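Take a look at the structure below.
Number of protein chains: 2
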Amino acid sequence: MAGDASLSSSEFPDPGHDHDACRDQAIDRAERLCAGQGARLTPQRREVLELLLAAHQALGAYEIMEGIDWGGRKPAPVVVYRALDFLMELGLVHRLASVNAYVACGHAGEAHGARFLICTDCRTVAEVTSPGIADALVGEAERRGFAVGQLTIEISGVCPHCRGAADG
Amino acid sequence: MAGDASLSSSEFPDPGHDHDACRDQAIDRAERLCAGQGARLTPQRREVLELLLAAHQALGAYEIMEGIDWGGRKPAPVVVYRALDFLMELGLVHRLASVNAYVACGHAGEAHGARFLICTDCRTVAEVTSPGIADALVGEAERRGFAVGQLTIEISGVCPHCRGAADG
DNA sequence: CATATAATGTAATATCATAACAATTCAAGA
DNA sequence: TCTTGAATTGTTATGATATTACATTATATG
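Residue numbers (this note's numbering), protein chains in the order written: chain V, 204 to 371; chain X, 204 to 371.
This is the structure we're talking about:
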């Protein structure tokens, strides 16, 4: 069973929280992860990751392009996609299939069994990890003789903050 | 021959099963559903649905286009998308976000809590309905104050038949 | 330095999906 | 039957997302 304390790391980020600190922390983790794997977090890749971390939202690839400014020029699409591929490979970024968008991962490395709550209003994304449900899904599929590869669980709806703003 | 009847509605369809019968059955259901709602299952829409039913697979919109032949001509993309929109509205077809493809629904109307097992080999799709897990996901999201809209659960992997073919 | 591998630059193109608007068909009432 | 409004279809163009291909540059290593 999921307790109460376990919710803290997977809640929707409070709109008033310290973005900078949480971004720096995540970048730190990303750098350690890369170092550990001999992967290079180049300036381009880092910029894409920072943009996603700062947004706390799902961004489309072309939105990311727009968000990047290299002395007045925008990167070509393929540049962004390459950075995203790299970051996804390491589990630092996830693709949200249901909205064709990308989001920075809060718990890099432990991509296992994660699901995403996507606010259709503010597009904020909460990443929730609860092995129980993921295991149930995987187990059930395997009981049917299905060899599970990738698991996609995405829940669209309205987050607590937007709900509050709208009708509270 | 096909295995236990009890599993038939949620198992992967046996490659040797009677496609025609199962398609006709589904078309029948679709027609009743439309009649009940005052919706019109026009020839175009019906053709798209039949194509998907016959395929037992997820097909991209442009694959559907290719699969349709109107006296030597192919329908425009928008024609296919319109048919798909109609069919999805009625729950006769589902969109699989993780593979940008569409699949005919085995249990029209009861779209509730369905998840999809998608074979990356033969692209066959099994639709599995188990309210328990869906409810757990929705319940947990709502406990976090999230107002659930749409639920996307898609599992990619290798189906029993392809597994058998590949490694014994 | 030489070399191989990884990363980037650039242009073109493939793939998926929708917008806009005209023409036609259909159902239902006058 | 005629008319009228709504639904459906036809057609063209365009928007949005993603990849291919190939040349160039950077980086690590012997």
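No residue lacks a Cβ here, since even glycine has one placed at the ideal position from N, Cα and C. Since this is a predicted model, take the numbers as computed values, not measurements.
In this structure, X:354 is the residue among X:362, X:354, X:359 with its C-alpha nearest to the C-alpha of residue 361 of chain V. The C-alpha of residue 240 of chain X is placed about 20 Å away from the C-alpha of residue 250 of chain X. With respect to the 8 Å criterion, residue 318 of chain V and residue 331 of chain V are classified as neighbours on the basis of their beta carbons.
The beta-carbon of residue 234 of chain X is placed no less than 8 Å from the nearest beta-carbon of chain V. In the displayed model, residue 254 of chain V falls within a helix according to three-state DSSP. With at least 16 other beta carbons inside 10 angstroms of its own, residue 309 of chain V counts as buried. Residue 352 of chain V has a beta carbon lying within less than 8 Å of a beta carbon in chain X. Where residue 225 of chain X is concerned, the enclosing alpha helix (DSSP H) starts and stops at 222 to 240.
At least 8 Å separates the CB of residue 245 of chain X from every CB of chain V.
Assignment of residue 342 of chain V by DSSP, reduced to helix, strand and coil, places it in the helix class.
Contact annotation: the segment 265 to 279 of chain X does not touch the segment 320 to 331 of chain X, with fewer than three C-beta pairs closer than 8 Å. With respect to the C-alpha of residue 216 of chain X, the residue from X:291, X:349, X:316, X:307 having the closest C-alpha is X:307. Residue 330 of chain V sits in a strand when the DSSP states are folded into three classes. In chain V, no part has a C-beta under 8 Å from the C-beta of residue 292 of chain X; the shortest such distance is about 17 Å.
Residue contact check for residue 258 of chain V against chain X: no CB pair falls below 8 Å.
In the pairwise beta carbon analysis, the segment 284 to 292 of chain V is classified as touching the segment 241 to 260 of chain V: at least three pairs are separated by under 8 Å. With distances taken between CA atoms, residue 242 of chain X lies nearest to X:294 out of X:300, X:294, X:363. Boundaries cannot be given for residue 295 of chain V, as no beta strand (DSSP E) includes it and DSSP labels it neither H nor E.
Residues of the same chain with a CB within less than 7 Å of the CB of residue 363 of chain V, apart from the 5 flanking positions on each side, are 215 in chain order. The C-alpha of residue 258 of chain X lies about 37 Å from the C-alpha of residue 260 of chain V.
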